[in-house]
Amino acid sequence: MVSRAQGDVTAPAAPARAVYIPAIVADPTWFADRYDPGHDAVHFRQLSRDEHRAATFLTDEYLPAAAPVVIARGDVIDAAPPTGPIHFIFHSAFCCSTLIARAVDVPGVAFGLKEPVLLNDLVGWKARGAAAGDLAAVLDTGLTLLARPFGRGEAIVVKPSNVCNGIASAMLTVRPDSRALLLHAPLRTFLGSVARKSWTGRLWVRDLVVKQRHDGIQWPGMGVDDFLRLTDLQAAAIGWLAQHAIFARMASRFPDRVRTIDSETLMADPGAAMTAIGTLFGLPLDGAAIAAGPTFARHSKYGDAFDGAARTAARVSEAAYADEIDKVAIWAETVASGVGLDLVLPSPLAGEA
């Protein structure tokens, strides 16, 4: 089924000539944008490589307006094309993940995808009670579609939204040849980022905690009343700890396929980090050249000039929140210690260099 009707993800697909389906499914410019579980259908939208690169994230806010082409998943499976290698950058937000997704996007080597919403749709479906087997089957289809390379021999590197961390292990399970970078900001750095974003940052972290709870990600011993008693930065810390615990379990479960790094270590020597990421993903990345190039000299989200000095300057406003950050960090470290969570993740990326 194919439909070009404008509408939300729940819009049913209308019948169309099946001859169009293999051509669309085989063409990587037809991006697999959304999944509609109500009709078991995939929404495609046409995007050039340049449009992918220009978009901060692969969401409606940053993409050209276009009516979707909607194809039943069964038809997608029948027409599924050969795919390239696919790897992942899982992250806990505010940690240079968008920068790295841009940095690995090298024509002829790799193609970076920044937060495809199709994966968010699966997280929402899981929270609404999707059966594990059904979720795995659709995830397999979705990753097949995301792994269509623009260029011959290219790998795909997907940076999912951090709300997808609850299904990160499932992605590695259904793609046993894939590898993953687990990227995070140190706790105090993360808290500072939230604080300097003012009410938008504080609202975001509370929304994250709500989504984590809907996704079944619970913090031991904390009920609804306990969450309501938290300050904004305490909620931020709990969300960070929950994601950190997921990363620790992944590093233990997939020791040969997962590497971890924090944003401060990454930015201290980006050339070495990019070379190590290339080794992890099996990509011939010239880390020194990438680090010296335009990607690391511009803001990954806004595109303006933004080097290491600018990053340091941006943190000046955190001084006003220093006391709160310090108190919350100590509290969070105590909470982590109480459940045996080590704040230093295993399997550091440095081992790949």
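Residue numbers for the sequence shown follow our numbering, beginning at -17 and rising by one.
The beta carbon of each residue, even a glycine, is placed where N, CA and C say it ideally should be.
For residue i: DSSP bridge partner residues
{"i": "GLN200", "result": "GLN200 pairs with nothing; no bridge assigned."}
{"i": "ILE375", "result": "The question about residue 375 has no answer here: the residues shown for the chain are numbered -17 through 335."}
{"i": "VAL52", "result": "HIS25"}
{"i": "HIS226", "result": "Answer is none; HIS226 lacks a bridge partner."}
{"i": "PHE72", "result": "LEU164"}
{"i": "LYS141", "result": "LYS96"}
{"i": "PRO330", "result": "THR242"}
Cβ separation of residue i and residue j, assumed to be a contact under 8 angstroms, to the nearest whole Å
{"i": "ILE199", "j": "LEU212", "result": "Their Cβ separation, rounded to whole angstroms, is 16 angstroms, which puts ILE199 and LEU212 out of contact at 8 angstroms."}
{"i": "GLU136", "j": "ALA92", "result": "6 angstroms"}
{"i": "LEU267", "j": "THR257", "result": "6 angstroms"}
{"i": "MET153", "j": "LEU125", "result": "7 angstroms"}
{"i": "ASP214", "j": "ARG188", "result": "7 angstroms"}
{"i": "GLY111", "j": "VAL139", "result": "About 31 angstroms separates the two Cβ atoms, so there is no contact after all."}
{"i": "LEU262", "j": "LEU331", "result": "7 angstroms"}
{"i": "PRO252", "j": "PHE132", "result": "At roughly 25 angstroms, the Cβ-Cβ gap does not stay under 8 angstroms, so PRO252 and PHE132 are not in contact."}
{"i": "ALA14", "j": "VAL52", "result": "Wrong, their Cβ atoms sit about 11 angstroms apart, outside the cutoff."}
{"i": "PHE70", "j": "SER143", "result": "No, PHE70 and SER143 are not in contact; Cβ-Cβ is about 12 angstroms, not under 8 angstroms."}
{"i": "ARG241", "j": "SER151", "result": "Wrong, their Cβ atoms sit about 15 angstroms apart, outside the cutoff."}
{"i": "LEU327", "j": "ALA255", "result": "Not really, about 15 angstroms apart at Cβ, beyond 8 angstroms."}
N-terminal and C-terminal residue of the beta strand (DSSP E) that residue i is part of
{"i": "ARG35", "result": "ARG35 -> not in any beta strand (DSSP E); alpha helix (DSSP H) instead, spanning 31 to 36."}
{"i": "ASP15", "result": "12 to 18"}
{"i": "GLY124", "result": "Premise fails: GLY124 lies in the alpha helix (DSSP H), 114 to 128, not in any beta strand (DSSP E)."}
Selected residue, minimal CA-CA separation from residue i, among the options
{"i": "ILE243", "options": "PHE72, LEU29 and PRO63", "result": "PHE72"}
{"i": "PRO67", "options": "ARG157, LEU331, PHE229 and PRO276", "result": "ARG157"}
{"i": "ILE228", "options": "ASP197, ASP207 and GLN216", "result": "ASP197"}
{"i": "LEU163", "options": "VAL192, ASP15, PHE236 and VAL120", "result": "PHE236"}
{"i": "VAL310", "options": "ASP60, PRO64, ARG239 and GLN216", "result": "GLN216"}
{"i": "GLY322", "options": "LEU223, GLY20 and ILE259", "result": "LEU223"}
{"i": "GLY260", "options": "GLN28, ALA83 and ALA47", "result": "ALA83"}
{"i": "GLY20", "options": "SER30, PHE70, VAL51 and TRP107", "result": "TRP107"}
{"i": "ASP60", "options": "SER143, GLY253 and TYR2", "result": "TYR2"}
{"i": "TRP186", "options": "LYS96, PRO131, ALA113 and VAL145", "result": "VAL145"}
{"i": "VAL88", "options": "VAL317, ASP305, HIS34 and GLU97", "result": "HIS34"}
{"i": "GLU306", "options": "ARG178, ALA279, SER234 and PRO202", "result": "ARG178"}
{"i": "ARG231", "options": "ARG184, ALA113 and LEU325", "result": "LEU325"}
{"i": "VAL120", "options": "ASP238, TYR17 and ARG130", "result": "TYR17"}
{"i": "PRO64", "options": "ALA279, PHE39, PRO4 and GLY115", "result": "PRO4"}
{"i": "ALA218", "options": "ALA279, ILE272 and ARG184", "result": "ARG184"}
{"i": "THR123", "options": "ALA62, PRO50 and VAL317", "result": "ALA62"}
{"i": "ARG134", "options": "LEU40, GLY90, ASN147 and ARG297", "result": "GLY90"}
{"i": "PRO98", "options": "LEU127, LEU81 and ALA109", "result": "LEU127"}
{"i": "ARG359", "options": "ALA36, THR316 and TRP12", "result": "The requested residue 359 does not occur in the structure, where the chain is confined to residues -17 to 335."}
{"i": "GLY115", "options": "LEU210, THR155 and ARG130", "result": "THR155"}
{"i": "LEU40", "options": "GLN194, ALA113 and LYS141", "result": "LYS141"}
{"i": "PRO50", "options": "ALA270, ILE6 and ASP32", "result": "ILE6"}
{"i": "GLY148", "options": "GLN225, ALA314 and ASP32", "result": "GLN225"}
{"i": "ALA273", "options": "TRP12, LEU81 and GLY205", "result": "LEU81"}
{"i": "SER180", "options": "ILE312, VAL317, TRP313 and TYR303", "result": "TYR303"}
{"i": "ARG130", "options": "TRP12, ALA270, ASP42 and SER299", "result": "TRP12"}
Opening and closing residue of the alpha helix (DSSP H) in which residue i lies
{"i": "LYS96", "result": "Counting along the chain, LYS96 falls outside any alpha helix (DSSP H), though it belongs to the beta strand (DSSP E) covering 92 to 96."}
{"i": "VAL310", "result": "304 to 320"}
{"i": "VAL88", "result": "VAL88 -> no alpha helix (DSSP H), and no H or E assigned at all."}
{"i": "PRO252", "result": "252 to 263"}
{"i": "GLY148", "result": "Looking at the DSSP string, GLY148 is not in any alpha helix (DSSP H), and its letter there is neither H nor E."}
{"i": "LEU210", "result": "206 to 210"}
{"i": "PRO266", "result": "Taken as a continuous stretch (DSSP letters only), PRO266 belongs to no alpha helix (DSSP H), as it is neither H nor E."}
{"i": "PRO4", "result": "2 to 8"}
Examine the Cβ distances between the segment 238 to 251 and the segment 76 to 90 and report whether three or more of them are shorter than 8 angstroms.
yes
Is the segment 38 to 58 touching the segment 162 to 170, taking contact as three or more C-beta pairs under 8 angstroms?
no
Take every Cβ of the segment 102 to 109, pair it with every Cβ of the segment 172 to 191, and state whether three or more of those distances are shorter than 8 angstroms.
no
Would you call the segment 22 to 32 and the segment 46 to 53 in contact, with 3 or more CB pairs under 8 angstroms?
yes
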